[in-house]
Structure formats: structure tokens, C-alpha cells
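Beneath this line is the structure, given in C-alpha cells, with notes to follow.
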Amino acid sequence: MTHPALPAVLERLDQDLDAGLERLFHLLRFPSISTDPAYKGDCAAAAEWLAGELSGLGFDAQVRPTPGHAMVVAHGDALAEEGADGPSLLFYGHYDVQPVDPLNLWDDEPFDPKIDTLPDGRRVIRARGAADDKGQLMTFVEACRAWVAVHGKLPARVSILFEGEEESGSPNLVPFLKANAQELSKDIALICDTGMFAPGKPGITTMLRGLVGEQITVKAANRDLHSGMYGSAAANPIRVLAKILASLHDDQGRVQIPGFYDDVDELPEEIRAQWQALPFSAQEFLGEVGLSHPAGEQDRSALEMIWSRPTCEFNGISGGYEGEGFKTVIPAQAFAKVSCRLVSRQDPEKIRASLRAFVEAQLPPDCTVEWHPHGGAGATVMDFSKPSFEAAREALSAEWETEAAFIGSGGSIPVAGHFQSLLDMPSMLIGFGLDDDRIHSPNEKYDLESFRKGARAWARILAKLAEKG
Ligand code: BES
Ligand code: ZN
């Protein structure tokens, strides 16, 4: 039986949409860029504001310092209605955002949110963090607000964790989870940092890829050299690095690091069948970003490439003279940032070691390499046979009036793995982002419908989990 207060809660959310948007805009105005120390005060202000909002709803909310940016922790035990004996919940989101550069590619100020209308008529919230992850975390806050406004209580025992360093690799998350394990360990974590399958088609993400990265610096001569005086006699680190990078893939798109695929499992038949039934068009997916040809392993579908296969990608490369005009120089060093998305049982440290060995084995005389590690998290796979997944799926399907799908995601959310390994807590990944949200890019947006229906969906999920989760 649906909770008797649910219809009024949903109505309240619609009536309160404009005020909810204004609250989201307030959060979006904090330039909480976690990776850049210049924005430390803005990150702190965003955390304080969130804690204030949650306190205002009746949560016991605190800003909890870490050696980096603060966590916001809130407990809603006092808000849980009498007899709320469904699973206890920990909702997770992150209030930090990616840097905005290149700033000149934004049509408007990244931290001055506004509503835009797309050519196809969709209305969107435009700002850095609109989709990743402020708009998403506010869907849950707004759902709680409506429950409290209408019913005075929440239908479930809810705690909340907002992180402020997700976009910079969560350096303080593991120690924080370890130090507060008992307090934070609930029956299920709800993570709102993923997407829907497509506009109008909600999804629960059951697979996430892991991530391991390295900045590679190849060094040769003890200073930059004149390319006429030394050219071809002196080792050129750009040439060396380019050759090594080019050797990382064969012409079928397979990664050439020995042992790279050892711990990669084939997709279970059940999941393969589910994915094949999804209306996915590689042409449309790539077409939207101006491409047409899937560039990964040529014997895999595009959906497999992004959801269930590992990658080795180059995220940045530099060296030598990059200014205007020309400078005939042989540089002393060259850099590349390389990161691998991991799947199945691939171990980040094992892959890191294999990548390093692969590069080092190809260094010619006089060249050395320096390593700067980045990230390190394995993939996560959820057990979606649990009743809580069915409950959430029913709630999402009811909101969108179409069956919600179990989907994969190419992105990485290491906290899901940490919740499992450190707190023994499974996660359910539900989010309302869309492929065209431009997360991490200029002109990031979040569909107004994602915000509106996302909040309504959480209101329904809370009721459903209480009923059958
Ligand atoms: N929200 C994203 C992850 C994501 C992206 C999920 C796309 C679903 C679809 C998250 O904030 C993110 O960007 N994570 C980083 C990893 C982190 C360790 C820097 C990523 O995936 O690159
Ligand atoms: Zn995110």
C-alpha cells in the first residue's frame, strides 16, 4: 500500500518548485572548486549553507572538518515517523565541483545560474555543478523538505553525507569513513551522482568503472637544447613519449599492457540481454558530440565499451614550446596524464605497476621517467536482486510512467566501493543526469525535469523503501 501522505507530498513538491530552484541557485552560486586552494573559503561556505538547510528541516546536522574540505553529516532519527522500520539509509552527494576553465567557452558566468531553453524545448538549469552534483543532491533535500512540510516526518530513517572533495579524488574520505564507521554505517547507501538511461527513461546504475591514473614525465637532456645544434644527436623526450603512448593500443583498440585484461570478466548473459533490449544508438550517442565511429575495441558494442570494458586514455599531454609562433627547441622533458578506467576484478595497484613497467621497458638510453600517481579505485558491481532495488525501480517507473532500467556507467564513484569494503554497506546508485549535461565541461546544465521529477522520485523511493525495502 502506498503511504497515505505520498500524493500530498508530490503535490507539495510541484507547488514548491520555484522556491526549490531558488535554493538550488543559492548553492550553485558558491564556487566550490575543491581542487583549487583559492576556493577553500567558498567550499567551507557551501558546507555551512548545506548544514544550515538540513538543520532547518529538523536534521541533526554538522559541518565536520577534515584535513581538506569539510564533510556535512546529518542524522534524521528525530524525523523518522513512528514505526519506520524499513532499511536505514545514508544518502551521499558531493557539493564540490570541477574547475571551470576554459572560461572563454562558457556562454554565461559558471557561478551565476540561470534557466535556459534548448532548441528542442527542454528547459535547463545552467551552471557549474548543476548536474554534478549540486542539482542532484538537492533533489533529495527537496524530497525530505516536502515530506516534513506535509507529514511532519520522514517515512524512513535517513542520514546524509555530503562530501567536498569528490572531484579531487576524495583524499580524506577513507580516513573519515574509518573514523566514523559506526555512525555512518546504515542498511543501504543512496548515491545520487549518476544519470538516467535517456530523457524520459530512468535508470538504476548497477556497475561503475574504477579509475587509476599516472602523470608521466619523460626526461632527457639537462636543459632545453637548440634543435639545430643538437637535433637528432640528442634524445627528444616528446618523440620518446609519443612513441610509448602510441604503443599502448593496437589498431583494433586493445590495450597492449601485458596482463591488462587478465581480471576482466565477460558480461553475465542476463545483463547482456538487458542491455541489448535498451534502445541505444551508438550513432546518436556519438553524433551528439560530433563523432560517428566507436573508437574502442572493435569487437565490442559501443555500450559495452563505455559500461563494461576497461580503457587506457590520455587526458593531457604537453612539453616543449607551446606559445605563439615557433621556437626551434629540443625540450628537456615531456608530460602526459594517462588514466585507465577499470572493470570487474582489475586491481588498481596491479594495473598501475603494469603500466609503469610497460613504459619503463621502452625507455631508450639517456631517458628517465618520473611518476606522479593519481586516483586508485576498483570497479563496483551492485547486487540488484535485493528487494530495495525492486522497490526503487517501482518508484522510478511510477514517476516516469515507463519501466526504469538497470544500467551501467562509464564514470567512477569510488565512494560506492568504500561504503562496501569499510562500512559493509551496499549502495544503490540513482541519479537523473543526462548524457548531454556537459559535466566537467563548459556550459554544464541539468534539465529542469530532472530536478523536478528527481525530487518527486526520491519522495516516492523513501515511501517504497519503507514499505518493502
Ligand atoms: N558524477 C561523476 C561520475 C559519473 C560520471 C557518473 C558520469 C555517471 C556518469 C563523478 O563526480 C566524477 O566525475 N568522478 C570522477 C572520478 C573521481 C575519482 C575524480 C570521474 O569519473 O572521472
Ligand atoms: Zn559527481
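In terms of full-length UniProt numbering, the numbers along the sequence shown are unbroken and rise by one, the last being 469.
For each residue, glycine too, the CB sits at the ideal point set by N, CA and C.
All values derive from a computational prediction rather than experimental measurement.
Taking 8 Å as the cut-off, the Cβ atoms of Gln-136 and Gly-431 count as close. Listed in chain order, the non-local C-beta contacts of Tyr-321 below 8 Å within the same chain comprise Lys-327, Val-329, Pro-331, local neighbours out to five positions each way being set aside. A straight line joining the alpha-carbon of Ser-427 with that of Ala-273 spans about 23 Å.
Exclusion of the five residues before and after Lys-40 leaves His-69 as the residues of its chain whose Cβ lies within less than 8 Å of its Cβ. The Cβ atoms of Asp-263 and Ser-339 do not sit closer than 8 Å to each other. Sorting Tyr-446, Pro-37, Pro-7, Arg-352 by C-alpha distance to the C-alpha of Leu-24 places Tyr-446 at the top.
The ligand ZN approaches Asp-133 closely enough that one of its heavy atoms is under 7 Å from the residue's Cβ. Around Gly-296, the same chain offers Gly-253, Met-305 as residues with beta carbons nearer than 6 Å, after the five sequence neighbours per side are excluded. The DSSP-derived three-state label of Ala-61 is strand. Put simply, of Glu-288, Gly-213, Asp-14, Ile-461 the residue whose alpha carbon is nearest the alpha carbon of Ala-404 is Ile-461. Rounded to the nearest whole angstrom, the C-alpha separation of Ala-282 and Val-240 is 35 Å. Under the rule that a run must span 3 or more residues, the beta strand (DSSP E) segments found entirely inside the stretch 158–203 read 158–163, 188–191. With a cutoff of 8 Å on beta-carbon distance, Ala-78 and Asp-60 are scored as near each other. According to DSSP, residue pairing for Trp-371 in a beta bridge involves Ile-216. Counting only the Cα atoms, Met-71 lies some 15 Å from Glu-53. Sequence-distant Cβ neighbours of Val-9 in its own chain, meaning closer than 7 Å and more than five residues away, are Ala-146, Trp-147, Val-150, His-151, Ala-459. For Glu-166, the shortest C-beta to heavy atom distance toward the ligand ZN is below 7 Å. Contact check between the stretch 14–29 and the stretch 156–174: fewer than three CB pairs, one atom from each, fall below 8 Å, which does not count as touching. The C-alpha of Gly-58 lies about 20 Å from the C-alpha of Leu-21.
A distance below 6 Å between beta-carbons, with the five flanking residues on each side excluded, links Phe-280 to the following residues of its chain, in chain order: Leu-303.
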